[in-house]
Structures are given as C-alpha cells and as structure tokens.
Amino acid sequence: MLFLIILLIIICVALGLFVLIQNPKGGGLATGGSGSNMFGVQRTGDVLEKGTWVLLTLIVVVSLAITAIGKTGSTGTTGGGDSKIQQQLDKTPTPSPIGGGVKPAPATTTPATQEAPKK
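Quick note: the sequence shown uses UniProt numbering, first residue 1, plus one each step.
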C-alpha cells in the first residue's frame, strides 16, 4: 500500500510538470494572436497531451487500487490486524444516548450551619 501511495505522488508530480510544460492553446477567453505558434509545435503538443491523458488515467487506476486495498483492510505494515486506534476505540465504553454519558459525582454531606465554639 505504501508503494502505491509513493507511486501516486510521483505520478501527480509528473502530471503537474506535463501540464506546466504545455503551451496554451490560445482558445477560450485568451486574447491576442499566436500566429507564430501555429506550425512546428503540433507534434510536441500531441506528445504532451497524450502523456497528460496517460498520467491522468494512471492516477485514477492507482487511486482506485489504493481504495480497494484500504477497504479490505489488508495492509503490509500492520500484519493483518486492527490498527491501534481501532483497538483503543473498541476498549472505550460508549455512553448511552439517553440519559447516559457522565455520571454525576456523589454528593458529600456538609453541615449547613456550624456551631460557634463555646467559651
């Protein structure tokens, strides 16, 4: 599982670099002409665009694999048992939702009035 998480981080960094390397297409709300970019950059743009789609697909596949492994609970680091957090949660008693929770402290009896010391 740790291997898949590290792989996912590497793929995300690579995807970020691929997106930053690409030239803007010049469509949408962009203004200004890009006549000099019309020819000569098409092949590089296609490779970067296909690489972006491949990396995006890999991110989806690796993310689904991490989710599937996480739901089955089979992780390589814990040895197949519950996590320490889950064991601690199982030990702690859950309070009753009706009238439960914290029990009041026992009342101590103190005399309401004290007698004055006799002389």
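We put the CB at the ideal spot given by N, CA and C, even for glycine.
For residue i, the three-state DSSP class (helix, strand or coil)
i      : result
LYS84  : helix
THR92  : coil
LYS71  : helix
GLY28  : Since pLDDT at GLY28 reaches only 47, below the 50 mark, its modelled position is unreliable, and the value read off the structure follows with that caveat. Three-state DSSP puts GLY28 in coil, outside helix and strand.
LYS118 : coil
CYS12  : helix
GLY79  : The pLDDT assigned to GLY79 is 49, lower than 50, so where the model puts this residue is not dependable; a value taken from the coordinates is nonetheless given after this. The answer is coil: DSSP assigns GLY79 none of H, G, I, E or B.
Pick from the options that is closest to residue i, judged by C-alpha positions
i     : options                       : result
GLY16 : LYS91, LEU4, LYS71 and LEU48  : LEU48
MET1  : THR52, LEU55, VAL19 and THR72 : THR72
TRP53 : SER83, GLN22 and GLY70        : GLN22
Rounded Cβ spacing between residue i and residue j (contact assumed at less than 8 Å)
i     : j     : result
LEU56 : ALA14 : Rounded, the Cβ-Cβ distance is 11 Å, inconsistent with contact.
LEU7  : VAL60 : 13 Å between Cβ atoms; not a contact.
GLY45 : PHE18 : Their Cβ separation, rounded to whole angstroms, is 11 Å, which puts GLY45 and PHE18 out of contact at 8 Å.
ILE66 : ILE11 : Actually they are not in contact, since the Cβ atoms of ILE66 and ILE11 sit about 12 Å apart, beyond 8 Å.
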